[in-house]
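Chains V and U are the protein sequences, given in the same order. Residue 5 in the working numbering sits at position 4 of the first sequence; the count goes up by one each step and never skips. Residue 149 in the working numbering sits at position 148 of the second sequence; the count goes up by one each step and never skips. Cβ atoms here follow ideal geometry from the backbone N, Cα and C, with glycine treated the same way. As the structure is a computational prediction, the values presented were derived from the model and not from experiment.
Number of protein chains: 2
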Amino acid sequence: MNMKSENIIFDKVAIIGIGLIGSSIAKGIQKNKIARKVYGYAKTASTRAKARELGYMDKIFDTLVEAVNDADLIILCTPVGSNADIMRNIHGHLKKGSIITDVGSVKKAVIDQIHKYVPDGVSFIPGHPIAGTEFSGPESGFAELFYKKCCLLTPYTKTDKAHLDKIISFWEELGMIVDTISPETHDLILATISHLPHLVAYNLVDTASKLENKKDHEFTKYAAGGFLDYTRVASSDPIMWRDIFLNNKEAMIEILDSFIDGLADLKDSIKTDNGNKLERLFKETRNKRNKILDSIKKLESE
Amino acid sequence: MNMKSENIIFDKVAIIGIGLIGSSIAKGIQKNKIARKVYGYAKTASTRAKARELGYMDKIFDTLVEAVNDADLIILCTPVGSNADIMRNIHGHLKKGSIITDVGSVKKAVIDQIHKYVPDGVSFIPGHPIAGTEFSGPESGFAELFYKKCCLLTPYTKTDKAHLDKIISFWEELGMIVDTISPETHDLILATISHLPHLVAYNLVDTASKLENKKDHEFTKYAAGGFLDYTRVASSDPIMWRDIFLNNKEAMIEILDSFIDGLADLKDSIKTDNGNKLERLFKETRNKRNKILDSIKKLESE
């Protein structure tokens with residue numbers, strides 16, 4: 002990469018895991034000239050080969066240790082279940098003064114997995130860029146994925162202020178709106194606005210599929226935009242989502258219980274012909290959704 | 002309207018209810034030159050005034066009877082709960098040889114409401130163009146709404162073959178793929194691919210809203226595309242949806258029970274750390290969703 006120096010925040014960045022997020026970060030760094038060199042590592046040889054072919058990283062290494070040992074910033078972009086394994090492998094090979102961050106959709110469990118392996122002189126700043134598509138793999142990334150989206154950082158102990166500022170600048174240069182928050186709050190919020198809707202999408206497709214089999218009638222072909230919209234996320238990476246649910250157990254159970262209670266209540270209103278209650282709820286929900294859209298617009302314009 | 006005569010299927014069409022569907026049909030008829038005249042009626046004076054101002058109908062009447070008494074095709078585009086009332090008002094004023102159809106998202110209940118009011122010499126052919134957006138009102142319609150979408154007709158007794166063919170041609174001229182099916186099957190299919198997902202969307206917004214109140218933290222502003230996609234339909238017309246749920250009670254309860262069972266099963270897998278089961282289900286669901294997309298593409302290319 003031949004770049005102007007003004008935006009450069011890190012000399013060398015190592016991206017571990019080259020899927021949608023990893024490849025989007027690499028492209029974003031390149032486009033916005035945020036680092037001098039971008040290194041990569043992926044566990045699977047075919048992913049490394051594909052990423053090399055696509056050429057959006059300066060170098061892709063065959064081992065974790067090679068990828069990280071000269072890096073100033075290491076970004077874990079792997080499914081959250083693999084963090085502990087990765088840290089066991091790399092913790093003895095990290096440069097003094099380097100920063101580790103991650104992009105996992107859960108934060109409490111990730112901190113538990115990573116914290117104990119972080120050596121003295123290295124900062125770990127957990128993060129979560131809330132951005133995604135239903136596509137995965139090294140060919141799915143694009144620099145604009147993060148633009149005007151929120152990134153939540155969850156610093157968990159006495160975090161080096163200068164390092165935190167660098168990470169905030171890093172995501173901001175990628176176009177994100179950055180906020181800091183506690184890991185617990187993060188996990189409950191994400192369970193609500195992301196993990197639950199994903200689980201619901203999987204379950205909508207599965208419910209339809211079961212009925213098709215029962216009735217021996219392939220009727221989902223009649224589905225209009227609505228069904229396809231809500232189930233879009235059911236096409237997301239299965240391993241990543243398995244790990245998210247298993248690592249956000251407590252919050253998922255809390256919010257699932259609340260969601261199932263709500264459904265039972267709605268079922269009861271339908272059963273007892275309580276049209277007033279349904280109408281009131283639908284009006285409130287419509288207002289609420291419009292308010293959410295307004296809040297997002299306001300956030301984006303700030 | 003000044004139109005060529007080749008596509009004309011009906012002389013005069015009366016559209017009862019001028020919301021998203023009614024206004025889209027009017028515009029589609031105009032664009033595709035399917036009728037010589039389009040008449041309209043809406044219960045609310047401000048809707049009539051707005052539709053007159055927008056000018057996509059030849060005439061908008063202040064009473065139901067005036068709108069229908071000279072029409073060859075009457076299309077009920079009102080919330081399904083109002084059909085019986087409308088039929089009580091108009092059944093003595095229908096022209097011999099005319100056809101009534103509707104666009105309701107439920108068919109068994111609609112047939113029960115309308116059938117008994119249909120006079121001799123008039124055909125009633127229940128229908129459901131499966132197309133929509135989250136917008137409502139006389140200004141929300143557009144001619145392309147129906148393009149490459151499915152329309153299910155549910156003829157319920159000895160239907161006049163010539164009349165059925167005319168209705169099939171009518172929707173085809175608007176761009177739809179038309180299929181006939183039994184009312185019972187229609188209602189269960191729609192409960193699965195449309196009504197349940199809508200109820201789920203309302204409940205997702207409500208669950209998030211309750212948690213925001215409980216935690217006194219406005220966190221839905223962090224929502225990414227996913228949450229906004231699945232909850233898009235929660236902005237739909239509350240009255241229309243109240244009526245749909247109340248009029249598709251049996252199928253809704255059947256499919257809600259199946260959906261809640263699925264969620265309880267998922268919750269159990271999360272609780273017991275059953276990663277294999279989650280991963281298997283997510284992979285199956287991803288494959289299934291891709292198959293649905295393929296079926297839809299195939300249907301559209303036929």
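field: Neighbour list for lysine 289 of chain V in chain U, Cβ cutoff strictly below 7 angstroms
entry: Val206, Ser210, listed in chain order.
query: Taking the C-alpha atoms as reference points, what is the distance between lysine 109 of chain U and leucine 264 of chain V?
result: 24 angstroms
- prompt: Does any residue of chain U bring its CB to less than 7 angstroms from the CB of alanine 110 of chain V?
  reply: no
Euclidean distance between Cα positions of serine 296 of chain V and alanine 235 of chain V: 26 angstroms
query: Of the choices U:Ile61, U:Arg37, U:Gln31, whose alpha-carbon is the least far from that of threonine 48 of chain U?
result: U:Ile61
- prompt: Using CA coordinates, which residue listed in V:Lys215, V:Ile261, V:Asp207 is at the minimum distance from tyrosine 281 of chain U?
  reply: In the sequence on display, residue 281 of chain U carries arginine and not tyrosine. Measuring from the Cα of arginine 281 of chain U, the nearest candidate turns out to be V:Asp207.
query: Closest Cβ-Cβ distance between isoleucine 35 of chain U and chain V: below 7 angstroms?
result: Answer no: the Cβ-Cβ gap between isoleucine 35 of chain U and chain V never drops below 7 angstroms.
Segments assigned beta strand (DSSP E), at least 3 residues, entirely inside the stretch 12–80 of chain U: 36–42, 60–62, 74–77
- prompt: For threonine 155 of chain U, which option in U:Thr221, U:Leu267, U:Val179 has the closest C-alpha, if you only look at C-alpha atoms?
  reply: Of the listed residues, the one whose Cα sits closest to threonine 155 of chain U is U:Val179.
- prompt: For chain V, is any of its Cβ atoms less than 7 angstroms away from the one on valine 201 of chain U?
  reply: yes
message: With a threshold of 7 angstroms between beta-carbons, can phenylalanine 260 of chain U be considered close to chain V, or not?
response: yes
query: Could you give the residue range of the alpha helix (DSSP H) that holds proline 130 of chain U?
result: Taken as a continuous stretch (DSSP letters only), proline 130 of chain U belongs to no alpha helix (DSSP H), being part of the beta strand (DSSP E) at 128–130.
- prompt: By DSSP, does serine 195 of chain U sit in helix, in strand, or in coil?
  reply: Here serine 195 of chain U sits in helix by DSSP.
field: chain U contact residues for lysine 268 of chain V, given Cβ-Cβ distances below 7 angstroms
entry: Result: Ile254, Leu257.
message: Using a Cβ-Cβ cutoff of less than 7 angstroms, which residues in the same chain neighbour serine 302 of chain V once the five nearest sequence positions on both sides are dropped?
response: Once the five neighbours on either side are set aside, serine 302 of chain V has no close Cβ partner at all.
message: Whole angstroms are fine: how far does the CA of glycine 18 of chain U sit from the CA of arginine 243 of chain U?
response: 17 angstroms
- request: Check whether the Cβ atoms of aspartate 121 of chain V and aspartate 73 of chain V lie closer than 7 angstroms to each other.
  value: In this structure, aspartate 73 of chain V does not lie closer than 7 angstroms to aspartate 121 of chain V by Cβ.
- request: Step through the CB atoms of chain V and report whether any lies within less than 7 angstroms of the CB of leucine 300 of chain U.
  value: Leucine 300 of chain U counts as touching chain V.
- prompt: From which residue to which residue does the beta strand (DSSP E) around aspartate 180 of chain U run?
  reply: 178–181
task: Tell me where the alpha helix (DSSP H) around isoleucine 254 of chain U begins and ends.
output: 250–272
- request: Using the Cα positions of asparagine 70 of chain U and lysine 167 of chain U, report the straight-line distance between them to the nearest angstrom.
  value: 20 angstroms
- request: Could you have a look at phenylalanine 143 of chain V and say whether DSSP puts it in helix, strand or coil?
  value: coil
- request: Output, in sequence order along the chain, the residues in the stretch 218–233 of chain V whose CB is closer than 9 angstroms to any CB in chain U.
  value: His218, Glu219, Phe220, Thr221, Lys222, Tyr223, Ala224, Ala225, Gly226, Gly227, Phe228, Leu229, Asp230, Tyr231, Thr232, Arg233
query: I think lysine 150 of chain V touches proline 127 of chain V, with their Cβ atoms under 8 angstroms apart; what is that distance to the nearest whole Å?
result: Not quite, the Cβ-Cβ distance comes to about 17 angstroms (not below 8 angstroms), so this is no contact.
task: Determine, using beta carbons only, whether methionine 15 of chain V and isoleucine 101 of chain V come nearer to each other than 7 angstroms.
output: Just to set this straight, residue 15 of chain V is alanine in the shown sequence, not methionine. For alanine 15 of chain V and isoleucine 101 of chain V, no; Cβs fall outside 7 angstroms.
message: The beta strand (DSSP E) that contains isoleucine 9 of chain V, what's its start and end?
response: Element bounds for isoleucine 9 of chain V: n/a, residue is neither H nor E.
query: If we count Cβ pairs, one from each stretch, closer than 8 angstroms, do we get three or more for the stretch 248–268 of chain V versus the stretch 179–196 of chain V?
result: yes
Close Cβ partners of phenylalanine 143 of chain V (< 7 angstroms) along its chain, the five nearest in sequence each way excluded: Closer than 7 angstroms at the Cβ level, and outside the excluded window around phenylalanine 143 of chain V, lie Ser25, Lys28.
Contact check, serine 124 of chain V vs histidine 164 of chain V, beta carbons under 7 angstroms: yes
field: C-beta contact flag for aspartate 52 of chain V and proline 139 of chain V at 7 angstroms
entry: The sequence as given places alanine at residue 52 of chain V; aspartate does not occur at that position. Yes; because the gap between Cβ atoms is below 7 angstroms, this pair is in contact.
task: With leucine 282 of chain V as the anchor, note down where its alpha helix (DSSP H) starts and where it stops.
output: 276–302 is the extent of the alpha helix (DSSP H) around leucine 282 of chain V.
- request: Report the neighbours of cysteine 151 of chain U on chain V: residues whose CB is nearer than 7 angstroms to its CB, in chain order.
  value: Tyr223
message: Using only CA atoms, which one of V:Phe136, V:Ile10, V:Met58 lies nearest to serine 99 of chain V?
response: V:Ile10
message: Please tell me whether leucine 21 of chain V and lysine 268 of chain U are closer than 7 angstroms, where the distance is taken between their beta carbons.
response: no
message: One question on the structure: do leucine 153 of chain V and histidine 187 of chain V come within less than 7 angstroms of each other, judged by their Cβ atoms?
response: yes
- request: Assign threonine 208 of chain U to one of three DSSP states: helix, strand, or coil.
  value: helix
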